Amino acid sequence: MGLIHDTKSNVLTTTVEAAVNWGRKNSLWPMPFGTACCGIELMAALASRSDIARFGAEAIRFSPRQSDLLVVAGRITIKMMPVLQRIYEQMPEPKWVISMGACASSGGVFDTYSVIQGIDQFIPVDVYVPGCPPRPEGLLDGLMKIQKLIEKETFSDYSKRK
Amino acid sequence: MAISDLTTRLQEKFQESILDVSEYNGEVSINVKGLVILEILSFLKSDGFNFLVDLTAVDNLTLGGYDRFAVVYHLLSHENVERIVVKAYVPEEKPSLPSVESLWKSANWQEREVYDLYGIEFEGHPNLIRIMNPDEFEGHPLRKDFPRQGREQRKDFPVVERMTRGKRL
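Chains as they are written, first to last, in my numbering: chain A, 8 to 169; chain B, 62 to 230.
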């Protein structure tokens, strides 16, 4: 049949992992957690000039149950930390976390009693974006690093998540 | 009404409660004892100072002063376009003074803020709870003897691990 002869030019073989990872990395749904000026740069990354939609991450969800990328943008205080942990736990697996800016990553200049000195003490973080605040390009670079992480996932990584 | 006239009448009326009266750049500030603050402020309110601009506090630990804490009231008279500052001193042991929430509703949250950050109690306040720090927070951070980096409050959280599905905090 003519169909059989045509398969060579029409069928692409791949692994399930690569196909799943390709889908995941190009349709990240971010959950913005903007508590300070980094939140403004996050909004700038969404807007037309930087346009995070080029990386497939334009579907911002304000519900943690519908998102798989938590972007912590801004300083986290001792009163906000339980909220952040609750939101992280509400997100379905698989999920990734970007710690955006100096404050979220290390407390920044706010070395005071009420500011958490780095959210990675209490929730897992995958990518840190430096800057005070980072430019939208910085956040997009962080997003591409998350995409690289997703590319490397294997079946055993999936099964760990259950 | 001239403000000098007012201060003379204040001094006559609350002679033993007023610690001193000073004037700088046309603005009068009065230092008083904390316990009579409600009487003094209601006198000033009936005298035209209808607006509570600000209510805050000072810790005199390193500054020196009549007492450890001073609660500061900034009043404004819209009618006469005059301002006055009243400082009410409260002692270090059990710092407490009457609430002025009955005179100005806006004092409600400001007194809660002073209570939260300085630990000064306001008698007669309808809802004297912390306004900014978490309810279980210990200490009063704007006191000069509170360490800037806190007392380990910012380390006191459970650690959420990766892949915690099905587990709760």
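Beta carbons: idealized from backbone N, C-alpha and C, even for Gly. Here the structure is a predicted model, which means the values were calculated and not measured.
What are the boundary residues of the beta strand (DSSP E) that residue i is part of?
i        : result
B:Arg144 : 143-151
B:Leu113 : 112-120
B:Ser83  : 79-85
B:Asn92  : 88-94
For residue i, which residues in the same chain have their Cβ closer than 6 Å to its Cβ, ignoring the five residues on either side in sequence?
i       : result
A:Ile59 : Ala52, Leu53, Glu65
A:Ile85 : Ser121
Suppose you measure from the CA of residue i to the CA of residue j; what does that come to, to the nearest Å?
i        : j        : result
A:Glu24  : A:Thr161 : 6 Å
A:Thr20  : A:Pro143 : 36 Å
B:Val220 : B:Asp115 : 41 Å
B:Glu182 : A:Met107 : 40 Å
B:Glu88  : A:Asp75  : 58 Å
B:Pro156 : A:Arg93  : 38 Å
B:Gly95  : B:Val175 : 14 Å
B:Leu136 : A:Phe69  : 43 Å
A:Gly125 : B:Ile79  : 49 Å
A:Ile153 : A:Asn17  : 31 Å
If you follow the alpha helix (DSSP H) that residue i is part of, which residue opens it and which one closes it?
i        : result
A:Pro143 : 143-158
B:Asn169 : 168-179
A:Leu53  : 44-53
B:Glu231 : Residue 231 of chain B cannot be examined here, being either before or after the span of chain B that is shown, 62 to 230.
A:Val27  : 23-32
B:Ser103 : 98-107
Applying the 10 Å Cβ sphere with the 16-neighbour rule, what's the burial state of residue i?
i        : result
B:His139 : exposed
A:Cys45  : buried
B:Leu122 : exposed
B:Glu154 : exposed
B:Val132 : buried
A:Val134 : buried
A:Ile47  : exposed
B:Gln171 : buried
B:Arg129 : buried
B:Ile91  : buried
B:Glu162 : buried
B:Glu143 : buried
A:Met98  : buried
Apart from the five residues on each side of it in sequence, which residues of its chain come closer than 7 Å, Cβ to Cβ, to residue i?
i        : result
A:Gln73  : Trp36
A:Glu158 : Asn28, Lys32
Contiguous alpha helix (DSSP H) assignments of at least 4 residues, all confined to the region 66-116 of chain A: Correct list: 88-97, 108-113.
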